[in-house]
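Trainee: One structure coming up, written as structure tokens, with questions to follow.
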Amino acid sequence: MRRFAAIHHGGEWDFPGWRPVASAFARCLLLAAAVCTAQAAGGPGHAAIASAHPLATQAGFEILDQGGNAFDAAIAISATLAVVEPQSSGMGGGGFWLLRRAADGKTVMLDGRETAPLAARPDMYLDVRGEPRPRASLDGALSAGIPGLPAALVRLSEDYGRLPLAKSLAPAIRHAENGFAVGQRYAKAAKDRESALRQSPAARAIFLDQGMAPQPGFHLVQKDLAQTLRRIARFGHAGFYGGTTARLLVQGVKDAGGIWRAGDLAGYRAVERAPVRGMYRGIRITSAAPPSSGGTVLLEALNILSGYDLARMDASTRKHLVIEAERRAYRDRDLYLGDPSFVKMPLSRLLSADYAAGLRVAIRPDRVLPSAALGTAPEPARQGDNTSHFSVIDRLGNLVAATLSINDSFGSGFVPPGTGVLLNDEMDDFATVPGRPNAYGLVGGDANAIAPGKRMLSSMSPTFLETKDRTAVLGTPGGSRIISMVLLAVLDFAEGRGPESWVSVGRFHHQYLPDVVEYEPGGLSEDDIRGLESRGHALKPTGYRYGDMQAVQWDRARNRLSAASDPRGEGAAEVK
Numbered sequence: 008m009r010r011f012a013a014i015h016h017g018g019e020w021d022f023p024g025w026r027p028v029a030s031a032f033a034r035c036l037l038l039a040a041a042v043c044t045a046q047a048a049g050g051p052g053h054a055a056i057a058s059a060h061p062l063a064t065q066a067g068f069e070i071l072d073q074g075g076n077a078f079d080a081a082i083a084i085s086a087t088l089a090v091v092e093p094q095s096s097g098m099g100g101g102g103f104w105l106l107r108r109a110a111d112g113k114t115v116m117l118d119g120r121e122t123a124p125l126a127a128r129p130d131m132y133l134d135v136r137g138e139p140r141p142r143a144s145l146d147g148a149l150s151a152g153i154p155g156l157p158a159a160l161v162r163l164s165e166d167y168g169r170l171p172l173a174k175s176l177a178p179a180i181r182h183a184e185n186g187f188a189v190g191q192r193y194a195k196a197a198k199d200r201e202s203a204l205r206q207s208p209a210a211r212a213i214f215l216d217q218g219m220a221p222q223p224g225f226h227l228v229q230k231d232l233a234q235t236l237r238r239i240a241r242f243g244h245a246g247f248y249g250g251t252t253a254r255l256l257v258q259g260v261k262d263a264g265g266i267w268r269a270g271d272l273a274g275y276r277a278v279e280r281a282p283v284r285g286m287y288r289g290i291r292i293t294s295a296a297p298p299s300s301g302g303t304v305l306l307e308a309l310n311i312l313s314g315y316d317l318a319r320m321d322a323s324t325r326k327h328l329v330i331e332a333e334r335r336a337y338r339d340r341d342l343y344l345g346d347p348s349f350v351k352m353p354l355s356r357l358l359s360a361d362y363a364a365g366l367r368v369a370i371r372p373d374r375v376l377p378s379a380a381l382g383t384a385p386e387p388a389r390q391g392d393n394t395s396h397f398s399v400i401d402r403l404g405n406l407v408a409a410t411l412s413i414n415d416s417f418g419s420g421f422v423p424p425g426t427g428v429l430l431n432d433e434m435d436d437f438a439t440v441p442g443r444p445n446a447y448g449l450v451g452g453d454a455n456a457i458a459p460g461k462r463m464l465s466s467m468s469p470t471f472l473e474t475k476d477r478t479a480v481l482g483t484p485g486g487s488r489i490i491s492m493v494l495l496a497v498l499d500f501a502e503g504r505g506p507e508s509w510v511s512v513g514r515f516h517h518q519y520l521p522d523v524v525e526y527e528p529g530g531l532s533e534d535d536i537r538g539l540e541s542r543g544h545a546l547k548p549t550g551y552r553y554g555d556m557q558a559v560q561w562d563r564a565r566n567r568l569s570a571a572s573d574p575r576g577e578g579a580a581e582v583k
């Protein structure tokens, strides 16, 4: 065996024709050893991955099969999604990675959220009258925050992974270099953002087909992005935030009217944060902490609902109470939450059972409390699914739930020449004018005002759910609707259902302002609609199904893994 190991790791091959056979044999031995080790250590012995794109799911398993763990797989999946879903995430964006290490139980949120450039000002998107300039925070170089995804991937590799970063990034580099056929979701998003993509010569050349939104099947090749990924693979953090890539990014942004400086990139770091935790009817919930509002709003709503026996209520009453809990939790989001490095937040109060009980007192089972009693409602704004999520459980029982974004479809629509990096437009997630809605209709206050180096508030909600017998890993895109989708999945989990049900459940949503209940086709029954309207709710059908939840579960009682990808999307879920 020593002789084989020496040969396999770089010595001369006695029989060149045996190279592929020996290499495959070595991988089989490594995989068998990993399965035995996992089972001995209490892991499931198999792995489950659900992601928003089949190529990303394949990339995760490719890395697991090479001896990587869930964190190496997360690097491969994140980077591959950045290549194959440029409308939803990317190396020019950011995200949150919720991690659980099986060996010692360490649970942490890796915060790769974008930051405001150091030259950012609270009034940078306002005209001389103090009014927002149309689309200034949505289109072009000025709308982009400093990306966090590359730094997070390097941190994952250095602190949690087993494999070299270059190996984990190899699938993404391959897909960027060789190209792939785009699907219906890409084609639709490109059509929606065709105008913005045309304004950037580099973006136009990459993502459009002769200046027009391509049809499904268009072969998307990203040679510059492949080179950028190679520099990250070789130099780590400095491969993106310094050297050639940083120079091209800063120069491209400046030439297009943006305000990035070299120090913005050089100073960026991904940050580890303690996630928020809570309980709901025997379920331990771990979710995203600020600068995500996701976990806080989710747990506050569940704390309110914990005072009701929802299973004994008729469907319309149950949905009414869910909506009323959302109304109050989203209100607190708008009032209190922001970047913890800049804002002191009353998290202990917001997450306390006593506070929830106080909010519950004002909820009537037969009547709505209008949001207008708490503030002026803006006009309803569009919602987006322009984010991505994946969930992983590996053979050892390591867990990853990651939600990634560039905000709007194709982010800012801007690519700095020579980089292939499509930049985000996450600056719109700040409250550019406190009290005014952003692109997702969310109304923020001073807690989420623009400041240099600040991380903008998010709704991304990667989440773990645990009982004595089950562990679930889940999350979804969907703008401000992310939290309500995860809430409905938690309630479905509480009923004993599995991943296929969580990702398929009919969806409805209320976010305090605007004071309207949005629901997808099938999200509310005719009886639900009548029951909610009789209580005073204003209802608005979306006309389309929304969300793209990705979920995996470990049934520890039977040592069985299951995985599901939202039928609304184009993802893939698999157990191996």
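Residue numbers (my numbering): 8 to 583.
Beta carbons are placed, not taken as given, at the ideal position from N, Cα and C, and that holds for glycine.
Roughly how far, in whole angstroms, is the beta-carbon of Ala558 from the beta-carbon of Trp509, given that I think they are within contact range, below 8 Å?
Mentor: The sequence position of residue 558 within the sequence shown is 551, counting from 1. The sequence position of residue 509 within the sequence shown is 502, counting from 1. Right, their Cβ atoms sit about 5 Å apart.
Trainee: Where does Glu279 sit, in a helix, a strand or coil, going by DSSP?
Mentor: Translated into positions along the sequence shown, residue 279 becomes position 272. If DSSP states are grouped into helix, strand and coil, Glu279 belongs with the strands.
Trainee: Going by CA-CA distance only, name the one from Glu433, Met98, Tyr553 and Leu494 that's closest to Ala233.
Mentor: Numbered from its first residue, the sequence shown carries residue 233 at position 226. Checking every option, the nearest Cα to that of Ala233 belongs to Met98.
Trainee: Just to confirm the assignment, what range does the beta strand (DSSP E) spanning Gln560 have?
Mentor: Position 553 of the sequence shown, counted from the start, is the residue given in the question as residue 560. It spans Gln557 to Asp562 - the beta strand (DSSP E) in which Gln560 sits, taken as one unbroken run.
Trainee: What first and last residue would you give for the alpha helix (DSSP H) that runs through His182?
Mentor: The residue labelled residue 182 in the question sits at position 175 within the sequence shown. First-last of the alpha helix (DSSP H) with His182: Leu172 to Asn185.
Trainee: Below 8 Å on the Cβ atoms is my contact criterion, and I expect Ala151 with Met434 to pass it. Report the Cβ-Cβ distance as a whole number of Å.
Mentor: As a first step, residue 151 must be located in the sequence shown, where it is residue number 144. As a first step, residue 434 must be located in the sequence shown, where it is residue number 427. Indeed, because the Cβ distance is near 7 Å, the residues count as touching under 8 Å.
Trainee: What's the gap between the Cα of Ala296 and the Cα of Gln217?
Mentor: If you number the sequence shown from 1, residue 296 lands on position 289. If you number the sequence shown from 1, residue 217 lands on position 210. The alpha-carbon atoms of Ala296 and Gln217 are separated by roughly 43 Å.
Trainee: Buried or exposed for Glu533, going by 16 or more other Cβ atoms inside 10 Å?
Mentor: Position 526 of the sequence shown, counting from 1, holds the residue named residue 533. Exposed, by the Cβ-count rule.
Trainee: Just to confirm, are Gly644 and Gly101 a CB contact at a threshold of 8 Å?
Mentor: Nothing about residue 644 can be reported from this structure: the residues present for the chain run from 8 to 583 only.
Trainee: Since Ala158 and Ala277 are thought to touch, with beta carbons under 8 Å apart, how far apart are those beta carbons, to the nearest angstrom?
Mentor: The sequence position of residue 158 within the sequence shown is 151, counting from 1. The sequence position of residue 277 within the sequence shown is 270, counting from 1. Their Cβ separation, rounded to whole angstroms, is 4 Å, which keeps Ala158 and Ala277 in contact under 8 Å.
Trainee: State buried or exposed for Tyr287, treating a residue as buried only when at least 16 other CB atoms are found within 10 Å of its CB.
Mentor: For the purposes of this step, residue 287 is taken as the residue at position 280 of the sequence shown. So Tyr287 counts as buried.
Trainee: Look at Val407 and Ala126 and say whether their C-beta atoms are less than 8 Å apart.
Mentor: In the sequence shown, residue 407 corresponds to position 400, counting from 1. In the sequence shown, residue 126 corresponds to position 119, counting from 1. No; because the gap between Cβ atoms is not below 8 Å, this pair is not in contact.
Trainee: Report buried or exposed for Arg338, applying the criterion of at least 16 other Cβ atoms within 10 angstroms of its Cβ.
Mentor: Sequence index remark: in the sequence shown, residue 338 carries index 331 (1-based). Result: buried.
Trainee: For the beta strand (DSSP E) that Ser294 lies in, which residues bound it at each end?
Mentor: What you label residue 294 is simply residue 287 of the sequence shown in a count that begins at 1. Note, Ser294: beta strand (DSSP E), Ile290 to Ser294.
Trainee: If Gln229 and Gly404 are in contact, beta carbons under 8 Å, what's the gap, nearest whole angstrom?
Mentor: Taking the sequence shown and counting its residues from 1, one reaches residue 229 at position 222. Taking the sequence shown and counting its residues from 1, one reaches residue 404 at position 397. About 35 Å; that fails the 8 Å criterion.
Trainee: Whole angstroms is fine: what's the gap from Lys475's alpha carbon to Trp561's?
Mentor: Indexing the sequence shown from 1 puts residue 475 at position 468. Indexing the sequence shown from 1 puts residue 561 at position 554. Computed Cα separation, rounded: 11 Å.
Trainee: Alpha carbon to alpha carbon, how far is Gly250 from Arg552? Give it in angstroms, no decimals.
Mentor: As a first step, residue 552 must be located in the sequence shown, where it is residue number 545. As a first step, residue 250 must be located in the sequence shown, where it is residue number 243. Approximately 44 Å between the Cα atoms of the pair.
Trainee: So, helix, strand or coil for Glu331, using DSSP?
Mentor: Against the sequence shown, residue 331 aligns to sequence position 324. Three-state DSSP puts Glu331 in a helix.
Trainee: So Glu138 packs on Arg291, CB below 8 Å; how close in whole Å?
Mentor: Within the sequence shown, numbered from 1, the residue matching residue 138 stands at position 131. Within the sequence shown, numbered from 1, the residue matching residue 291 stands at position 284. The beta-carbon distance between Glu138 and Arg291, rounded to whole angstroms, is 46 Å. This is too long to meet the 8 Å contact definition.
Trainee: Which same chain residues, not among the five before or five after Ile239, have their C-beta less than 6 Å away from its C-beta?
Mentor: Taking the first residue of the sequence shown as position 1, residue 239 is located at position 232. Excluding residues within five positions, the ones whose Cβ falls inside 6 Å are Pro157, Gly246 and Phe247.
Trainee: Could you spell out the range, first to last residue, of the beta strand (DSSP E) harbouring Leu546?
Mentor: Taking the first residue of the sequence shown as position 1, residue 546 is located at position 539. Per DSSP, Leu546 belongs to the beta strand (DSSP E) from Leu546 to Pro548.
Trainee: Whole angstroms are fine: how far does the CA of Ser96 sit from the CA of Ala89?
Mentor: To locate residue 89, count along the sequence shown from 1; it is residue 82. To locate residue 96, count along the sequence shown from 1; it is residue 89. Each residue's Cα considered, the two are about 5 Å apart.
Trainee: At what residues does the alpha helix (DSSP H) containing Val440 begin and finish?
Mentor: Locating residue 440 in the sequence shown gives position 433, counting from the first residue. Per DSSP, Val440 belongs to no alpha helix (DSSP H) and is neither H nor E.
Trainee: According to the Cβ coordinates, are Ile490 and Ser465 closer than 8 Å?
Mentor: Reading the sequence shown from its first residue, position 483 is the one you call residue 490. Reading the sequence shown from its first residue, position 458 is the one you call residue 465. The answer is no: Cβ separation not under 8 Å.
Trainee: Just the C-alpha distance for Val368 and Arg514, rounded to the nearest angstrom, thanks.
Mentor: Position 361 of the sequence shown holds residue 368. Position 507 of the sequence shown holds residue 514. One C-alpha to the other measures close to 26 Å.
Trainee: So for Gln46, helix, strand or coil by DSSP?
Mentor: Your numbering for residue 46 matches position 39 in the sequence shown. Residue placement at Gln46 is flagged as unreliable, the pLDDT there being 48, under the threshold of 50; the coordinate-derived value follows with that caveat. Note: Gln46 maps to helix in three-state DSSP.
Trainee: Looking at the structure shown, is Val582 part of a helix, part of a strand, or coil, going by DSSP?
Mentor: Within the sequence shown, the letter at position 575 stands for residue 582. Three-state DSSP puts Val582 in a strand.
Trainee: What distance in whole Å lies between the Cβ atoms of Pro347 and Pro298, which are believed to be in contact at a cut-off of 8 Å?
Mentor: As a first step, residue 298 must be located in the sequence shown, where it is residue number 291. As a first step, residue 347 must be located in the sequence shown, where it is residue number 340. Sure, about 7 Å apart at Cβ, within 8 Å.
Trainee: Going by DSSP, name the residue or residues bridged to Met352.
Mentor: The residue labelled residue 352 in the question sits at position 345 within the sequence shown. Met352 pairs with nothing; no bridge assigned.
Trainee: To the nearest angstrom, report how far apart Asn566 and Ala479 are at their CA atoms.
Mentor: Here residue 566 refers to the residue found at position 559 of the sequence shown. Here residue 479 refers to the residue found at position 472 of the sequence shown. Their Cα atoms are separated by approximately 13 Å.
Trainee: Around the Cβ of Asp453, are there at least 16 other Cβ atoms within 10 angstroms (buried) or fewer (exposed)?
Mentor: Taking the sequence shown and counting its residues from 1, the one referred to as residue 453 is at position 446. Taking all protein chains shown into account, Asp453 has fewer than 16 neighbouring C-beta atoms within 10 Å of its C-beta and is therefore exposed.
Trainee: Quick one: grab the DSSP three-state call for Ala409.
Mentor: On the sequence shown, position 402 is the one that residue 409 refers to. Per DSSP, reduced to three states, the secondary structure at Ala409 is strand.
Trainee: Assign Arg592 to buried or exposed, taking buried as 16 or more other Cβ atoms, counted over all protein chains shown, within 10 Å of its Cβ.
Mentor: In this structure the chain extends from 8 to 583, so residue 592 is not present and cannot be described.
Trainee: Got a sec: is the Cβ-Cβ distance from Asp216 to anything in chain C below 8 Å?
Mentor: In the displayed structure, chain C is absent; only one protein chain is listed.
Trainee: Between the C-alpha atoms of Ala39 and Leu160, what's the straight-line distance to the nearest angstrom?
Mentor: The residue you call residue 39 lines up with position 32 of the sequence shown. The residue you call residue 160 lines up with position 153 of the sequence shown. The predicted position of Ala39 is uncertain, since its pLDDT is 47 and thus under 50; no value can be drawn from it.
Trainee: Could you tell me whether the Cβ atoms of Ser569 and Pro506 are closer together than 8 Å?
Mentor: Here the question's residue 569 lines up with position 562 in the sequence shown. Here the question's residue 506 lines up with position 499 in the sequence shown. Yes.
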